[in-house]
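Numbering (my numbering), first residue to last: 597 to 1073. Idealized CB from N, CA, C, for every residue including glycine.
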């Protein structure tokens, strides 16, 4: 498996034929080489995106919708190929990879329809000789930078609204998972977009990011990743006054009240915690359970968690490997710290390598009881398959604990009381709230956070607004 860059409608090797190796995270064996872009390659991509924007912005929404519908059809037709590549380079179970492809395709389908619904305003003038108009126009060429945990969906849900709005794009996927993006761009090449509308750059994130941030022709950056990098991009954006969308770290609480349906609560925990082995920005990171039902909840949870299988994503498993040793070490550090500070490990708790001393890193589904606020796992994003259970006495205490974090991406609560559901959802300081469900992300709804989890939204009618700017026109007749 070998991949190239995609610039100005053509696949090409990087300057000086620079490449980097991509490994399977389960075996750690090499699965191929991918082109590593130079500064010159990046500048060529920016030139292409800018030149194409000058014509693509003049296309109408119906024309762009036709292209997006073609792309959607190609994604549906080739979903098994995309999923197989994703599992090979990222490690997630094949069934989850299929789900990600369909999820990504749903954004293309949604924004094919939103492309024809962009509309401005006519304003009532104070003088009858004036006509006042407000137009919504594409903001310009867009840089898209995404991580490894969702190798397709992360950039597609940014790319689809950008293309629908009339923007051109440069996509920079993670170095660990470039091949899914390469396959996607092979499909995109067949969809009929003009040359230069879409580019793919792979390689050194700092090098590519610097070119995109420094060039004033790139008018927007949409980034998903760590809060630290997000802050850096925000400071750099000031030099060219770029618009930013930032989807950053999370520390999601899941609250189980005493009136909760425990079956729903347990299923919601499984859905929001163990997907992609917990390597999800909106994954539950703290489970807050009312003290009167903690034993009943924990017993039911343990029954379900014991059934989860860990292993090679290409086999019949529920969870694949941790992406790398650094991620594995962080999970281990969080669990060890919790146990050393008095938490009880009810299940799991010891990671391992798939082949004793070689191969990728696996971490079993883990449940910790007696977790308290001074432990690392109660304060930092774990990004792994660990459920830390914290008890509370009152609704007010639960909300206080849930909000006691600089992050504000997603939160979950389980209660059968409508009044409580309303109070809690309004009191939680998060951009997205799930009530009686652990699955909340969908193409129709705005995805994004508050506080240190970033700003900007992806999805729904709100998502396309991120790629549009207003123009006011006053005409005297």
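If we count the other Cβ atoms within 10 Å of its Cβ and call it buried at 16 or more, is residue i buried or exposed?
i	result
residue 650	exposed
residue 613	exposed
residue 831	exposed
residue 811	buried
residue 853	buried
residue 723	exposed
residue 1045	buried
residue 901	buried
residue 664	buried
residue 820	buried
residue 948	exposed
residue 843	buried
residue 658	exposed
residue 829	buried
residue 995	buried
residue 874	buried
residue 1073	exposed
residue 1001	buried
residue 710	buried
residue 881	buried
residue 845	buried
residue 739	buried
Which value, in whole angstroms, describes the spacing of the CA atoms of residue i and residue j?
i	j	result
residue 914	residue 864	16 Å
residue 825	residue 1049	12 Å
residue 773	residue 1069	45 Å
residue 1012	residue 851	12 Å
residue 1006	residue 975	15 Å
residue 1074	residue 1066	This structure cannot settle anything about residue 1074, because the visible part of the chain is limited to 597 through 1073.
residue 988	residue 749	36 Å
residue 1036	residue 944	27 Å
residue 603	residue 827	29 Å
residue 896	residue 954	35 Å
residue 779	residue 970	45 Å
residue 847	residue 718	43 Å
residue 878	residue 993	22 Å
residue 911	residue 789	37 Å
residue 1014	residue 1021	11 Å
residue 1047	residue 977	15 Å
For residue i, which residues does DSSP report across the bridge?
i	result
residue 880	848
residue 948	958
residue 988	886
residue 727	1071
residue 1028	1006
residue 719	728
residue 626	619
residue 741	768 and 819
residue 940	965
residue 1048	According to DSSP, residue 1048 bridges with nothing at all.
residue 794	765
residue 608	601
Considering only the beta carbon of each residue, do residue i and residue j sit closer than 8 Å?
i	j	result
residue 983	residue 962	yes
residue 1051	residue 761	no
residue 652	residue 793	yes
residue 615	residue 634	no
residue 1060	residue 714	yes
residue 981	residue 869	yes
residue 687	residue 621	yes
residue 769	residue 747	yes
residue 1054	residue 871	no
residue 933	residue 972	yes
residue 839	residue 741	no
residue 756	residue 767	no
residue 1074	residue 605	Residue 1074 falls outside the range modelled here, since the chain spans only 597 to 1073, and no answer is possible.
residue 956	residue 624	yes
Specify whether the stretch 681-697 and the stretch 725-737 touch according to this definition: at least 3 beta carbon pairs, one from each stretch, less than 8 Å apart. no
Counting beta carbon pairs with one atom in the stretch 675-692 and one in the stretch 705-712, are three or more of them shorter than 8 Å? no
Three Cβ pairs or more, each shorter than 8 Å: is that satisfied between the stretch 796-809 and the stretch 629-643? yes
Are at least three pairs of beta-carbons, each pair with one atom in the stretch 885-897 and one in the stretch 919-936, less than 8 Å apart? no
Sufficient close CB pairs (3 or more, under 8 Å) joining the stretch 1018-1038 to the stretch 661-678: no
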